[in-house]
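Chains as they are written, first to last, in UniProt numbering: chain A, 1 to 316; chain B, 1 to 316.
Just so it is clear, CB atoms sit at the ideal spot from N, CA and C, and this is done for glycine as well.
Here the structure is a predicted model, which is why all the values come from computation and not from measurement.
Structure record follows, encoded as structure tokens.
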């Protein structure tokens with residue numbers, strides 16, 4: 001695991017490292033959503049990223065940055081889904097072993113992706129402590145490097161490349177909206193905006209049932225008790241310490257979004273955009289704030305598309 | 001209604017007429033589907049077309065081709081969904097009235113699209129006879145021009161523009177696979193391939209429960225009894241007479257696909273491509289024929305994405 005806070009310039013290094021491996025995902029536009037919101041919307045389709053989520057950017061950057069001897073011993077992580085599949089794919093591309101520790105209760109479609117990309121699965125109890133302990137155990141036994149899903153410096157830098165690309169593809173933005181869970185994408189995006197230096201503001205969208213980042217930014221420290229309860233299975237992690245430091249420094253603002261609004265936005269994306277995206281709060285945040293955003297150029301990172309089609313959240 | 005068989009050159013005229021109104025839809029690629037099929041796949045995303053289906057091409061061409069006095073009296077059609085919504089949108093863009101006759105049992109999501117685009121709905125019994133009689137009645141009363149969903153010459157020519165675009169975007173194809181119902185897209189595609197003159201073959205994909213085109217091409221005439229029974233709600237129409245004539249002349253081949261294979265392919269598209277597409281048989285036909293297509297450049301028209309999210313066909 002690479003520690004320490006990444007700095008803005010590392011986003012450029014990450015972009016160069018993952019070029020040719022990560023997909024330059026398309027920016028989706030929609031007359032219907034623009035008519036609804038009154039702003040110019042630039043939706044970065046990271047559900048079309050390899051492995052079905054932006055997570056491949058960070059994993060690919062972290063795996064590519066390992067020296068050959070370290071890489072040969074493999075990588076290990078804990079993940080409820082998307083980071084695990086992304087790391088598995090990045091490891092397979094480099095021809096090295098990958099272990100993924102998965103908490104019970106993870107989404108079937110995401111587990112299937114981890115297995116499909118050739119990683120070894122390790123199950124554990126669904127607590128942060130069990131995840132980290134099992135991960136450390138596998139690392140000790142195998143000699144694999146731990147690639148933390150969001151606190152890793154190279155992972156954060158890799159996730160930031162999505163915002164960098166979107167700024168370029170859109171021709172400039174007034175506001176960028178990204179979801180926040182563990183904070184890899186959020187911190188990476190903050191650094192990308194700083195690196196680009198174009199004055200684009202950052203709005204984090206956080207589920208009401210896992211709003212530890214909003215709490216931490218408002219009160220100076222994370223909440224003591226944190227029991228996430230949200231349909232956004234990719235946003236249930238507690239904000240990482242380095243991630244929070246980056247976000248605080250960037251002066252990021254948080255919109256707290258309830259699950260009902262998130263699901264309505266997700267449904268709208270399926271119906272209007274014809275895109276199979278997973279529940280995440282960024283698009284809902286734009287819809288909620290639309291009256292204040294009239295006429296602005298607003299970017300949104302659509303974070304992933306790994307949904308369990310047997311258990312759509314708007315059905316019982 | 002514009003009668004007579006369109007000729008190949010009319011596809012170019014249609015392309016010029018709808019330019020700037022219809023979306024030049026993207027061509028989707030997928031490593032996963034290419035690994036599964038062994039061919040190079042170029043998926044034309046007409047679910048991303050305005051109104052959510054390729055049908056806007058034909059409607060837009062037909063409406064644009066009307067002279068101002070005729071146009072001012074409006075248009076009328078019968079449709080179980082996509083053509084109705086497409087015509088409604090094309091009419092609204094030209095600022096003229098639109099009436100749509102809809103058989104009972106049509107998909108809710110498709111009805112909502114028709115209403116959303118401002119057309120007047122007329123309900124009728126779910127038979128071909130009732131559809132045509134109601135449509136003629138509305139036309140007689142209002143003076144509106146009947147724009148038949150697939151037998152209209154300008155509609156056929158408009159639908160052919162999708163194939164023309166795909167040939168250009170893909171850099172050439174060995175085989176083009178399109179679904180066949182009433183035959184507007186099928187006949188238009190046959191004419192587009194003829195117009196392009198690059199020797200690309202045409203494969204029609206038809207649901208086993210509505211395989212009148214396969215029967216007609218094999219036996220010289222359509223089946224006497226035709227009671228469609230397929231999950232592909234957009235492909236339940238009987239093949240049109242002019243459409244059949246074009247397809248016979250083109251020597252088109254038909255792959256008959258059962259609903260189970262269609263649904264498996266649809267699911268795969270949702271999971272792998274992250275695209276919300278409606279059940280149609282073209283992608284399933286490619287998967288079924290994959291062993292014979294190894295190494296070939298295969299185009300597929302993904303025809304539409306208007307799905308009722310409350311009633312996904314792989315759930316009870």
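Neighbour list for residue i in chain B, Cβ cutoff strictly below 7 Å
i	result
residue 276 of chain A	270, 274, 275 and 276
Proximal chain B residues relative to residue i, where beta-carbon distance stays under 9 Å
i	result
residue 47 of chain A	274
residue 58 of chain A	Those within 9 Å of residue 58 of chain A in chain B number zero; the least Cβ separation is about 19 Å.
Which listed residue (the options) has its alpha carbon closest to that of residue i
i	options	result
residue 164 of chain A	A:291, A:30, A:46 and A:289	A:46
residue 171 of chain A	A:27, A:18, A:14 and A:8	A:27
residue 64 of chain A	A:92, A:235 and A:82	A:92
residue 206 of chain B	B:94, B:197, B:280 and B:309	B:280
residue 4 of chain A	A:152, A:244, A:104 and A:259	A:152
residue 121 of chain A	A:130, A:79 and A:277	A:79
residue 272 of chain B	A:310, A:293, A:52 and A:76	A:52
residue 166 of chain A	A:9, A:32, A:192 and A:60	A:192
residue 18 of chain A	A:235, A:104, A:66 and A:285	A:66
residue 71 of chain A	A:143, A:21, A:8 and A:6	A:143
residue 175 of chain B	B:33, B:22 and B:292	B:292
residue 204 of chain A	A:20, A:77 and A:300	A:300
residue 38 of chain B	B:304, B:311 and B:297	B:297
residue 223 of chain A	A:235, A:210 and A:234	A:210
residue 283 of chain A	A:103, A:241, A:268 and A:242	A:268
residue 141 of chain B	B:96, B:73, B:275 and B:159	B:73
residue 49 of chain B	B:304, B:154, B:309 and B:311	B:304
residue 96 of chain A	A:62, A:276, A:125 and A:104	A:62
residue 36 of chain A	A:289, A:160 and A:197	A:289
residue 240 of chain A	A:265, A:225 and A:212	A:212
residue 157 of chain A	A:145, A:134 and A:189	A:189
residue 182 of chain B	B:195, B:200 and B:148	B:148
residue 308 of chain B	A:294, A:270 and A:100	A:270
residue 287 of chain B	B:11, B:13, B:8 and B:40	B:40
Paired residues, beta bridge with residue i - DSSP
i	result
residue 77 of chain A	A:100
residue 124 of chain B	B:103
residue 22 of chain A	A:19
residue 299 of chain A	A:42 and A:176
residue 307 of chain A	In the DSSP output, where bridge partners are listed per residue, residue 307 of chain A has none listed.
residue 28 of chain A	A:43
Proximal chain A residues relative to residue i, where beta-carbon distance stays under 8 Å
i	result
residue 309 of chain B	267, 270, 271, 312 and 314
Closer than 7 Å at the beta carbon, the chain A residues around residue i
i	result
residue 20 of chain B	Chain A residues near residue 20 of chain B: none, gap ~14 Å exceeds 7 Å.
Where residue i meets chain B, residues with beta-carbon distance less than 8 Å
i	result
residue 305 of chain A	274
Chain A residues whose Cβ lies nearer than 9 Å to that of residue i
i	result
residue 52 of chain B	271, 272 and 274
Legend entry - Those runs of the beta strand (DSSP E) which lie wholly inside the stretch 208–274 of chain B and span at least 3 residues: 253–257
Legend entry - Stretch pair the stretch 245–257 of chain A + the stretch 214–226 of chain A: three plus CB contacts closer than 8 Å: yes
Legend entry - Runs of alpha helix (DSSP H) lying entirely within the stretch 30–94 of chain A, each at least 4 residues, in chain order: 31–37, 55–65, 68–72 and 82–94
Legend entry - Inter-stretch contact (C-beta, 8 Å, three-pair minimum) for the stretch 52–60 of chain A and the stretch 87–96 of chain A: yes
Inset, instruction - Write down every uninterrupted run of the beta strand (DSSP E) in the stretch 124–159 of chain A whose length is 3 residues or greater and which is fully enclosed by it, in chain order. - result: none
Legend entry - Inter-stretch contact at 8 Å, needing at least 3 Cβ pairs: the stretch 230–242 of chain A / the stretch 250–270 of chain A: yes
Legend entry - Length-filtered (3 minimum) beta strand (DSSP E) runs lying within the stretch 156–210 of chain B: 175–179 and 201–207
Inset, instruction - Kindly confirm or deny that the stretch 7–26 of chain A and the stretch 109–119 of chain A touch, where touching means at least three C-beta pairs closer than 8 Å. - result: no
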